[in-house]
Each structure stands twice: as C-alpha cells, then as structure tokens.
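Q:
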Amino acid sequence: MLKRFSISREEIMPKYGMPLDAPTQRDLGAAIYSIVFGMAYFIITGYPGASPLFTAFLKEYLGVSDSAYGLILTLPFITVLIQVPFTIYVARHGRIKQSFLLAGALAKVTFLTLAFLPILGNRLNSQVSFLVVVVTIILTSTFNWIADSAINTWFGSLIPTEIKGRYFSTRQMIFTIAMLFYALTMSQLLQLLKDWRWKYTLFFGLAVLFGLIDILFYTKVRPPEKAYLPWFHTSPEQKRQTFSMHQFLLPLRDTRYRAYLLFTISWSFSMQISGPYYNVYMFNDLKFTLGQMTLLSQIIPAIATILFLRRIGRAFDHYGFKPILILSCGVSLILPITWMFATVDSNWFVYLSNVLSGIFNIGIDLAIMSLAIFLAPHAERSAYLAMKSIAMALLGFVPAIMLGGFLSDLLRPVLREAELPFFRGQIMNPFHVLLILTFFLRLFTLLFFTRRLQEPTAMSFAAFVAHANASHLAQLHRNRVLLREKRRRLRQRLNPRKK
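So for the sequence shown, my numbering puts the first residue at 1; every next one is plus one.
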C-alpha cells in the first residue's frame with residue numbers, strides 16, 4: 001500500500017534560489033495565492049486611485065467636476081495619518097496579524113455601501129450621493145491604511161532578505177496575470193452591460209466578495225512573531241515608557257531613509273499631478289469606451305509586465321534596487337511626451353506609452369516598496385513604514401492631485417478661448433499642461449534625488465551600465481560562436497567526407 005507523501009515541518013526545500021523550510025514556503029505561497037482573488041478588488045476600484053470603472057462612476061453617474069474628482073482621490077491619502085496611532089498601538093501591543101485581518105475585512109465591507117447607490121437611484125439627490133461617496137472613501141481608506149501598515153511590517157518578517165527581489169517579482173507576476181484575467185473579463189462584461197443600470201452594483205459587489213477571499217488566505221499565515229525573521233516588541237509597560245513621537249521621527253534622522261523619503265515624495269508628486277487625469281482625458285477628450293479604457297490602462301500594461309517582470313526581479317537581486325530604479329525613472333520620463341501626440345484619430349501613442357509603462361513603472365513601484373521595507377531597521381520597521389506612507393501621501397499625492405484638478409478646471413475656459421496650437425494640429429487643453437508639468441518634475445527628481453539614494457548592497461549606476469554592456473557583448477560573442485558551430489555541423493552533414 002502506497003504511503004501518502006508529506007513534507008515535515010522541519011524539512012528544507014529549495015525555493016526562490018535558496019533552501020526554505022516548509023512553513024516559510026507555505027507562508028510565502030499563501031501571500032501569493034491571496035492576490036489572485038484580491039486583484040479583482042483593485043481592478044474594479046483602482047484603490048488608492050481610480051480605475052476606469054470608478055472614474056466612469058464618478059464622472060457619469062455622479063457628474064463630478066475635475067476638482068471634485070481630484071478631491072475624492074486625495075481622501076485616501078489624507079487618511080494615511082491613521083498610521084501614526086496604529087504604529088504606537090503596534091509598538092505597545094503587537095497583534096499585527098489580528099489588526100490586518102480585522103482592518104482588511106472592514107475596508108472591503110465598508111466599500112459595499114457604494115454598490116447600493118444605483119439601487120436607491122433618484123431617492124438621493126446628487127449632493128447626498130456625493131457625501132455618501134466621500135464618507136465611504138474616508139472609512140474604507142482608513143481601514144486600508146491600517147491593513148497596509150500591518151501587512152508591510154508582516155512582509156518584513158515573512159520574506160528572507162536574500163530572495164526579496166525574486167519573491168516580489170514572482171508575486172507581482174501572479175498579481176499581473178490575475179489583473180490581466182480580471183481586466184479582460186471586465187472589459188467583455190462592460191460591453192455586454194454598458195446600458196444596464198445595475199452594472200456598478202454588480203461590479204462593486206464582486207470587488208467586496210473577492211477582497212474578502214483575499215483576506216481569508218492570511219488566516220493560515222504565521223504571525224510576524226513566529227515567521228522566518230521573527231518580529232518582536234518589548235513589553236507593553238516598557239513601551240508606554242519608551243515609545244514617543246521622538247521615536248516615530250527616527251526615519252527623518254536616518255540619513256539613508258531621509259534620502260529615500262525625499263525621492264519618494266518628489267517622484268510621487270511628479271507622477272500624481274497628471275496620474276489621475278489620464279482616465280478623465282481618455283473618457284472626455286479621446287472618447288474611449290470603458291472597454292477601451294480597460295484595455296489601454298490595465299490589459300496592455302499587464303501583458304508587458306508579465307513578459308519582463310522575472311527579468312526585473314533577477315536584476316534587483318543581482319544589481320540592487322537603485323540602478324534599476326534610475327533606469328526605470330529615465331524611461332518613465334519620456335512617457336508623458338508620447339501622450340502629447342495622442343488624438344481621437346491616432347491613439348497608437350497611448351498603446352506605446354502603456355507598453356513602456358507596464359515594463360518600467362512596475363520596476364519603480366517594486367523598488368520603492370522594497371526599499372521602504374528593507375532600508376528600515378527590523379525592530380522599528382512599522383514606524384519607518386508609517387513615516388514613508390504619511391510623507392508620500394501628504395507631501396506627494398495629496399497636493400499633486402489637488403493641484404492637477406485645480407489647474408484643469410482653472411485653465412479649461414482660458415485655453416478654450418485662447419485656442420493655442422499644439423502638436424499634430426491639436427488645440428492645447430489642460431491635460432497637455434499637466435503632461436508638460438509632470439515631464440519637468442520627473443526630470444528634476446531624476447537629476448537631483450535618485451543619485452542621493454543610498455543602498456549599501458547595490459551597484460553604482462555606472463558599474464551597472466558597464467556590467468550590462470559587458471554581459472550583452474559576451475552574449476553576442478556566445479551567439480556568434482554557436483552560429484559558427486551550427487554552420488560547421490551543417491557543412492559536415494552536407495559533405496561528410498570533408499574534414
């Protein structure tokens with residue numbers, strides 16, 4: 001009789017290029033499997049920004065202006081302040097796993113409120129509906145920020161530092177494949193349900209359901225105190241005496257982390273001054289359908305990400321995060337330029353931009369997230385991550401999004417009357433101004449802040465370029481040698497008597 005094959009808790013198995021014990025593999029696997037379901041929530045809502053569907057809900061169903069649209073999108077970044085008291089709570093009590101499960105579940109359930117707005121229909125006037133959206137976003141984002149702080153601290157204990165690049169790239173690939181599947185499915189459903197009055201109710205309800213399934217996977221993951229790199233905190237009595245705002249401000253006195261914060265603030269501002277308004281521009285000016293918007297903003301970047309993500313992960317582990325971040329920021333610099341040439345009759349520039357975005361913006365996002373986790377001291381990680389989230393949100397995202405919306409509404413009548421000529425026979429509009437601003441802000445960040453980043457284990461950018469060039473030349477040489485060998489063997493087959 002065959003015995004059932006099993007793996008003992010102590011057995012060591014190779015994974016991600018290094019041996020890992022079975023419990024650690026299960027933990028890392030659960031964090032990957034969960035995102036297969038959780039991706040549906042982010043595709044439908046676009047949290048913490050706005051998906052094409054959520055943009056259409058705000059612009060079409062509620063009829064909000066660009067300024068009001070920008071205000072709604074800033075709310076999730078204002079509520080990031082909840083991470084300050086949460087960090088103090090974690091330092092005193094721990095309970096990271098319990099906090100994540102509770103806050104994550106409450107965030108998803110609270111968002112369900114928006115699914116009922118179309119059902120109520122004309123019973124609520126536009127002002128009340130807008131207020132309901134605002135309150136819902138405030139509550140949802142508050143719970144999401146608590147869950148975000150908890151999961152990032154948790155990840156710091158779950159993931160061995162030797163495989164952080166490969167693990168995050170693998171997780172991001174599964175994340176992207178799931179995103180591609182959901183985006184394709186949603187684009188088809190939107191075509192079928194475009195005139196159905198309950199479509200927002202259906203999609204928001206599905207987002208909540210799949211988001212809750214995502215949270216359930218973490219019930220089986222070991223808490224940080226028992227994970228691969230055990231997280232610890234002192235006794236509650238000690239923490240009440242020692243933890244203070246002085247400790248919370250430690251990241252600002254840490255030279256390496258301060259340089260990182262300056263970069264992330266500047267880069268976030270440069271991206272978000274135009275970021276939320278790409279969907280608005282496609283919806284209002286380029287006249288794209290929701291299906292086209294989903295294809296361009298989610299499906300095409302996802303395919304590009306899938307094709308290149310494993311290489312990016314290996315590059316992170318081989319060269320470090322900093323050189324790949326500099327390269328990715330340099331390519332991201334040209335993306336706003338491609339949008340300047342996009343028109344209703346010629347939108348292939350949008351396709352080109354989104355392909356490059358799928359390859360290089362994901363490198364930026366992964367590097368920013370990974371540096372935030374692994375530049376922070378292990379014992380103070382929750383305080384460092386909270387400072388990073390608050391700084392990015394309040395100094396980067398919020399002012400940039402509000403400024404972008406304010407400029408859009410302010411400049412629209414002025415530019416409409418001025419009729420200034422732009423590229424390819426276009427008339428300049430407010431979005432073109434935002435594209436010009438984001439280009440110069442990205443350039444400023446690249447020139448002044450990326451070089452100040454400090455990552456002890458990373459290659460310098462010059463060494464990275466030299467090494468990459470040498471590797472490329474070596475690969476070309478190997479290919480030429482293989483080609484000559486193939487030709488020699490072919491000649492021998494054709495003329496076996498000739499030596």
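Note that beta-carbon positions come from the ideal geometry of N, C-alpha and C, so glycine has one too.
Is the number of C-beta pairs between the region 390-401 and the region 271-291 that are closer than 8 Å three or more?
A: yes
Q: N347 to M340, Cα distance in whole Å?
A: Your numbering for residue 347 matches position 347 in the sequence shown. Your numbering for residue 340 matches position 340 in the sequence shown. Cα atoms of N347 and M340: separation of roughly 10 Å, rounded to the nearest angstrom.
Q: Please classify A391: does DSSP put it in a helix, a strand, or coil?
A: Within the sequence shown, numbered from 1, the residue matching residue 391 stands at position 391. Reduced to three states, the DSSP call for A391 is helix.
Q: Take the Cβ of L385 as the centre, count every other Cβ of all protein chains shown within 10 Å, and call the residue buried at 16 or more, exposed below.
A: On the sequence shown, residue 385 is found 385 positions in, with the first residue counted as 1. By the neighbour-count rule (16 or more Cβ atoms within 10 Å), L385 is buried.
Q: So, using beta-carbon positions, are T445 and S169 closer together than 8 Å?
A: Here residue 445 corresponds to residue number 445 of the sequence shown, with the count starting at 1. Here residue 169 corresponds to residue number 169 of the sequence shown, with the count starting at 1. In this structure, S169 does not lie closer than 8 Å to T445 by Cβ.
Q: For P413, count neighbouring Cβ atoms within 10 angstroms of its own Cβ and tell me buried if that reaches 16, exposed if not.
A: As a working note, residue 413 is residue 413 in the sequence shown. Counting Cβ neighbours within 10 Å, P413 comes out exposed, since fewer than 16 surround it.
Q: Between the Cα of Q426 and the Cα atoms of I78, F406, T343, K164, which residue gives the shortest distance?
A: The sequence position of residue 426 within the sequence shown is 426, counting from 1. For the residues I78, F406, T343, K164, the minimum Cα distance to Q426 belongs to T343.
Q: Closer than 8 Å is the cut-off here; do at least three beta carbon pairs connect the region 307-325 with the region 180-200?
A: No, the region 307-325 does not touch the region 180-200.
Q: Taking the C-alpha atoms as reference points, what is the distance between D254 and L375?
A: For the purposes of this step, residue 254 is identified with residue 254 of the sequence shown, where counting begins at 1. For the purposes of this step, residue 375 is identified with residue 375 of the sequence shown, where counting begins at 1. Rounded to whole angstroms, D254 to L375 spans 10 Å at the Cα level.
Q: Can you give me the C-alpha to C-alpha distance between S126 and P76, rounded to a whole angstrom?
A: Stepping through the sequence shown from its first residue, residue 126 is reached at position 126. Stepping through the sequence shown from its first residue, residue 76 is reached at position 76. Approximately 21 Å between the Cα atoms of the pair.
Q: For the alpha helix (DSSP H) containing M459, name the first residue and the last one.
A: Reading the sequence shown from its first residue, position 459 is the one you call residue 459. Neither: M459 is in no alpha helix (DSSP H) and is coded neither H nor E.
Q: According to DSSP, which residues form a beta bridge with I427?
A: Within the sequence shown, residue 427 is the residue found at index 427, counting from 1. In the DSSP assignment, the residues bridged to I427 are P421.
Q: On the criterion of 16 or more Cβ atoms from any shown chain inside 10 Å, does D214 qualify as buried, or is it exposed?
A: By one-based count along the sequence shown, residue 214 stands at place 214. Classification for D214: buried.
Q: Pull up the distance between the alpha-carbon of F422 and that of F349, whole angstroms please.
A: Indexing the sequence shown from 1 puts residue 422 at position 422. Indexing the sequence shown from 1 puts residue 349 at position 349. In a straight line, the C-alpha of F422 is about 16 Å away from that of F349.
Q: Roughly how many angstroms separate the alpha carbons of M500 and A418, rounded to a whole number?
A: Shown here, the chain extends from 1 to 499; a query on residue 500 therefore has no answer.
Q: Check whether the Cβ atoms of A470 and P323 sit closer than 8 Å, and answer yes or no.
A: Translated into positions along the sequence shown, residue 470 becomes position 470. Translated into positions along the sequence shown, residue 323 becomes position 323. It is not a contact, given that the beta carbons lie outside the stated cut-off.
Q: Answer yes if the region 203-212 comes into contact with the region 42-60, meaning at least three C-beta pairs across the two stretches below 8 Å, and no otherwise.
A: Output reads yes: the region 203-212 touches the region 42-60.
Q: Looking at the secondary structure, which residues open and close the alpha helix (DSSP H) in which R92 lies?
A: In the sequence shown, the residue the question calls residue 92 occupies position 92. Its alpha helix (DSSP H) spans residues 83-93.
Q: Pick helix, strand or coil for Q238, following the three-state DSSP scheme.
A: Indexing the sequence shown from 1 puts residue 238 at position 238. Its pLDDT being 44, under 50, Q238 is placed unreliably by the model, and nothing is read from it.
Q: Quick one: give me the first and last residue of the alpha helix (DSSP H) that Q272 is part of.
A: What you label residue 272 is simply residue 272 of the sequence shown in a count that begins at 1. Start and end: 255-272.
Q: Touch check for the region 112-127 and the region 83-101: three-plus C-beta pairs under 8 Å?
A: no
Q: Could you work out which residue in L453, F57, I359 is closest to R310 when comparing CA atoms only?
A: Translated into positions along the sequence shown, residue 310 becomes position 310. Out of L453, F57, I359, I359 has the C-alpha closest to the C-alpha of R310.
Q: Does the separation of the CB atoms of D409 and S65 fall below 8 Å?
A: As a working mapping, residue 409 is identified with position 409 in the sequence shown. As a working mapping, residue 65 is identified with position 65 in the sequence shown. For D409 and S65, yes; Cβs fall inside 8 Å.
Q: Return the chain-ordered list of same chain residues with a C-beta closer than 8 Å to the C-beta of F116, the five sequence neighbours on each side being excluded.
A: Your numbering for residue 116 matches position 116 in the sequence shown. Contacts found: T201.
Q: Based on Cα-Cα distance, which residue from A150, L112, A147, W145 lies nearest to V132?
A: Counted from its first residue, the sequence shown places residue 132 at position 132. Measuring from the Cα of V132, the nearest candidate turns out to be L112.
Q: Take L437 as the anchor and find which of I334, T140, K226, S149 has the nearest alpha-carbon.
A: Taking the sequence shown and counting its residues from 1, one reaches residue 437 at position 437. Ranking I334, T140, K226, S149 by Cα distance to L437 puts I334 first.
Q: From F464, A68, L184, D148, pick the residue whose C-alpha is nearest to that of L407; which is it?
A: Here residue 407 corresponds to residue number 407 of the sequence shown, with the count starting at 1. For the residues F464, A68, L184, D148, the minimum Cα distance to L407 belongs to A68.
Q: How long is the line joining the alpha carbons of I159 and F37, rounded to whole angstroms?
A: Indexing the sequence shown from 1 puts residue 159 at position 159. Indexing the sequence shown from 1 puts residue 37 at position 37. Cα-Cα distance, rounded: 21 Å.
Q: May I ask you to verify whether the region 20-34 touches the region 365-381, counting CB pairs closer than 8 Å and requiring at least 3?
A: With the cut-off at 8 Å, the region 20-34 and the region 365-381 do not touch.
Q: Closer than 8 Å by C-beta to R171: which residues in its own chain qualify, once you throw out the five before and the five after it? Chain order, please.
A: Against the sequence shown, residue 171 aligns to sequence position 171. Cβ within range, chain order: A31, I32, I35.
Q: If you run the structure through DSSP and keep just helix, strand and coil, what is R487?
A: Position 487 of the sequence shown, counting from 1, holds the residue named residue 487. Three-state result, R487: helix.
Q: Say yes only if the C-beta of A31 is nearer than 7 Å to one or more non-hydrogen atoms of the ligand ATP, and no if none qualify.
A: Looking at this structure, you won't find the ligand ATP or any other ligand, since it has none at all.
Q: Along the alpha helix (DSSP H) that carries L158, what are the first and last residues, could you check?
A: Taking the first residue of the sequence shown as 1, we reach residue 158 at position 158. 126-158 is the span of the alpha helix (DSSP H), which, as asked, contains L158.
Q: Please return the same chain residues whose Cβ sits closer than 7 Å to the Cβ of L295, not counting the five positions on each side in sequence.
A: By 1-based counting over the sequence shown, the position of residue 295 is 295. The answer, listed in chain order, is S187.
Q: Check for me: the alpha helix (DSSP H) holding A115 runs from which residue to which?
A: Stepping through the sequence shown from its first residue, residue 115 is reached at position 115. Looking at the DSSP string, A115 is not in any alpha helix (DSSP H), and its letter there is neither H nor E.
Q: So for S51, helix, strand or coil by DSSP?
A: Along the sequence shown, read from residue 1 onward, the residue named residue 51 stands at position 51. In this structure, S51 counts as coil in the three-state DSSP scheme.
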